[in-house]
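So the sequences go chain by chain: A and B. First residue of the first sequence: 175, per my numbering; consecutive thereafter. First residue of the second sequence: 299, per my numbering; consecutive thereafter. All residues carry an ideal CB built from backbone N, CA and C; glycine is no exception. Quick caveat, the model's predicted, so the values are computed rather than measured. Working notes, structure below.
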Amino acid sequence: MTASDNDFDDGSDGPVTEAELHAWMDGELPPGRRAAVERHLAGHPEDAARLGSYRRAADLIADAYAPLATMPAPEAPRRPKWSWRPAAAAAAALLLFVAGGATGWAVRGGGPAAVVDSNTQVAREAAAAHSVFATEVRHPVEVAADQETHLVTWLSRRLGEKLTAPQLAPLGFELMGGRLLSVEQGPAAQLMYQDRNGRRLTVYLRRCPVSSDTAFRIAEVGRVTALYWHERGVTWAIAGDVDRGLLQDAAHRVYAAFNS
Amino acid sequence: MDGAAPTAGEIAAMVPRLRRYAVALVGSIPDADDLVQDVMERALASREALRDPSRLYAWLLAILHNLHASGHRRRRRRGPEVPVEDLADALALSTAPTDRSAVRDLVRAMARLPEDQRRILLLSALEGLSYRDLSEVLEIPMGTVMSRLARARERLRVMMEGGEQQVVRRIR
Chain A
175 MTASDNDFDD GSDGPVTEAE LHAWMDGELP PGRRAAVERH LAGHPEDAAR
225 LGSYRRAADL IADAYAPLAT MPAPEAPRRP KWSWRPAAAA AAALLLFVAG
275 GATGWAVRGG GPAAVVDSNT QVAREAAAAH SVFATEVRHP VEVAADQETH
325 LVTWLSRRLG EKLTAPQLAP LGFELMGGRL LSVEQGPAAQ LMYQDRNGRR
375 LTVYLRRCPV SSDTAFRIAE VGRVTALYWH ERGVTWAIAG DVDRGLLQDA
425 AHRVYAAFNS
Chain B
299 MDGAAPTAGE IAAMVPRLRR YAVALVGSIP DADDLVQDVM ERALASREAL
349 RDPSRLYAWL LAILHNLHAS GHRRRRRRGP EVPVEDLADA LALSTAPTDR
399 SAVRDLVRAM ARLPEDQRRI LLLSALEGLS YRDLSEVLEI PMGTVMSRLA
449 RARERLRVMM EGGEQQVVRR IR
């Protein structure tokens, strides 16, 4: 790196630098400089257009790679030499139970077979999707709650199941929006809720026709707890890094919303 | 639990997010899965070394970058680069038909960026890291964060919009 890396002088056009334009777009500009940058952009539509293009590229990056969160691995992890390396075996087991649990990996030719009933698999998918998207700052949801009607119609159509977005407001959680995910078995939907302190809960569901109805069950993946159940062809999970009591209250409300 | 090493479960919870980043960085799902497995192995073996649990993800990213840098050299010795077309196809198929060609173009363009520019673009746009976090994770000063991000964005824009033309003169 040379000193010229930090040289953002905008040439003859005045004091606003290239770095400041990016910082403005990223919400990292000190408030004192905002007015100057906005004035600059108003007078330089080509710079405004360029920033618009950067922003679209950033959105495209976020959207294009998002499906990787739940995309199945094309083949099993390929190296069979784990057995004599305990740390490697443990790492392999983690992959199986997290990424693998979510996406259906299996170890070829021996090893710890991950035989998981399909509802538990949904719970793991829910926990994995929660860990990925609940930490998102910029793109937590695909369709925001202000388009709730569109969101609900869209997810209903893709899942082939009539949905309404359950209300968790009595628990202090407001609907942020939702997204469609894809797993090996087909489409899945995630609805995200947030409370005043920024804690997030996600409701995850997909069709799971081979299961029969169950009571509420609990699964834990890392910090995320998922409470899940199966009801008339659909497996539901509610996931969050919160205490079980709150999850249970939320689960009862979600359950009631679909059985009233 | 300040000062306590992360548990295996806490490390495991990061796998989906780490895997998404690894695939985007490496440009190949199978290679990224190998890489993430190596990162997990290294992290589990040395988790006592992490003193600040709130930096778990940044620590995993640092391990990933180190392993990838050394593994990358190995792979170059081995022969041709992994094809990004498989990933471009896989991601295009998971997206709405109207966005497919943009997704393909993006995946191809990202593969042609220098590694340091690909990292910063992904950490910013995909991982949502702030400038401060970028500086910490990439171990570069703030000034370099901003200049590298600006250069990476401009280079990607030129590739996406104009093919192989000259990269802007305004960023020297």
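- prompt: For M457/B, which of helix, strand or coil comes out of DSSP?
  reply: Your numbering for residue 457/B matches position 159 in the second sequence. Three-state result, M457/B: helix.
query: Since A448/B meets chain A, which of its residues come closer than 7 Å, beta carbon to beta carbon?
result: For the purposes of this step, residue 448/B is taken as residue 150 along the second sequence, with counting starting at 1. Those are E192, A193 and H196, listed as they occur along chain A.
message: Using only the alpha-carbon positions, how far apart do S386/A and L427/B sit?
response: Indexing the first sequence from 1 puts residue 386/A at position 212. Indexing the second sequence from 1 puts residue 427/B at position 129. Each residue's Cα considered, the two are about 43 Å apart.
task: Please state if the CB of L329/A and the CB of M365/A are separated by a distance shorter than 9 Å.
output: Translated into positions along the first sequence, residue 365/A becomes position 191. Translated into positions along the first sequence, residue 329/A becomes position 155. In the sequence as presented, Met is not what sits at residue 365/A; that position holds Leu. Yes, the Cβ-Cβ distance between L365/A and L329/A is below 9 Å.
query: Should P327/B go down as buried or exposed, given a rule of 16 or more other Cβ atoms within 10 Å for buried?
result: If you number the second sequence from 1, residue 327/B lands on position 29. What sits at residue 327/B in the sequence shown is Ile, not Pro. Burial call: buried.
task: Check the DSSP bridge columns for V357/A and list the partner residues they point to.
output: Counted from its first residue, the first sequence places residue 357/A at position 183. Its beta-bridge partners are G360/A.
- prompt: Which whole-angstrom value is the C-beta distance of A303/A and T244/A, which I expect to be below 8 Å?
  reply: Against the first sequence, residue 303/A aligns to sequence position 129. Against the first sequence, residue 244/A aligns to sequence position 70. Sure, about 6 Å apart at Cβ, within 8 Å.
- request: Using a Cβ cut-off of 7 Å, pull out every chain B residue sitting near G396/A, in sequence order please.
  value: The count along the first sequence starts at 1 and reaches residue 396/A at position 222. Those are G307, E308, A310 and A311, listed as they occur along chain B.
message: I'd like to check one pair, Y378/A with F390/A: are the Cβ atoms closer than 9 Å?
response: As a first step, residue 390/A is located in the first sequence; it is residue number 216 there, counting from the start. As a first step, residue 378/A is located in the first sequence; it is residue number 204 there, counting from the start. No, Cβ-Cβ distance for F390/A and Y378/A is not below 9 Å.
- request: From the DSSP output, read off the bridge partner residues of A238/A.
  value: As a working mapping, residue 238/A is identified with position 64 in the first sequence. None; A238/A has no bridge partner.
- prompt: Short check: CB of R373/A to CB of G360/A, under 9 Å?
  reply: Here residue 373/A refers to the residue found at position 199 when the first sequence is read from its first residue. Here residue 360/A refers to the residue found at position 186 when the first sequence is read from its first residue. Contact flag unset, no.
message: Would V398/A and W410/A qualify as a contact pair, given that the criterion is a beta-carbon distance under 9 Å?
response: If you number the first sequence from 1, residue 398/A lands on position 224. If you number the first sequence from 1, residue 410/A lands on position 236. The Cβ-Cβ distance between V398/A and W410/A does not fall below 9 Å.
field: Amino acids of chain A, ordered along the chain, whose beta-carbon sits closer than 8 Å to that of T393/B
entry: Here residue 393/B refers to the residue found at position 95 when the second sequence is read from its first residue. Those within 8 Å of T393/B in chain A are D237, A238 and P241.
- prompt: Exposed or buried, V337/B, counting other C-beta atoms within 10 Å across all chains shown (16 or more means buried)?
  reply: Against the second sequence, residue 337/B aligns to sequence position 39. By the 10 Å Cβ count, V337/B comes out buried.
Cα-Cα separation between V272/A and L342/B, rounded to whole angstroms: On the first sequence, position 98 is the one that residue 272/A refers to. On the second sequence, position 44 is the one that residue 342/B refers to. The pLDDT assigned to V272/A is 41, lower than 50, so where the model puts this residue is not dependable; a value taken from the coordinates is nonetheless given after this. Taking the straight line from one Cα to the other gives about 15 Å.
task: Step through the CB atoms of chain A and report whether any lies within less than 9 Å of the CB of R317/B.
output: Within the second sequence, the letter at position 19 stands for residue 317/B. By this cut-off, R317/B is an interface position.
- request: Using the DSSP secondary-structure output, state which residues sit across from Q415/B in a beta bridge.
  value: Here residue 415/B refers to the residue found at position 117 when the second sequence is read from its first residue. Partner(s): none; Q415/B has no beta bridge.
Listed by chain order, chain A residues near R455/B by CB distance under 9 Å: Taking the first residue of the second sequence as 1, we reach residue 455/B at position 157. Those are R224, S227, Y228 and A231, listed as they occur along chain A.
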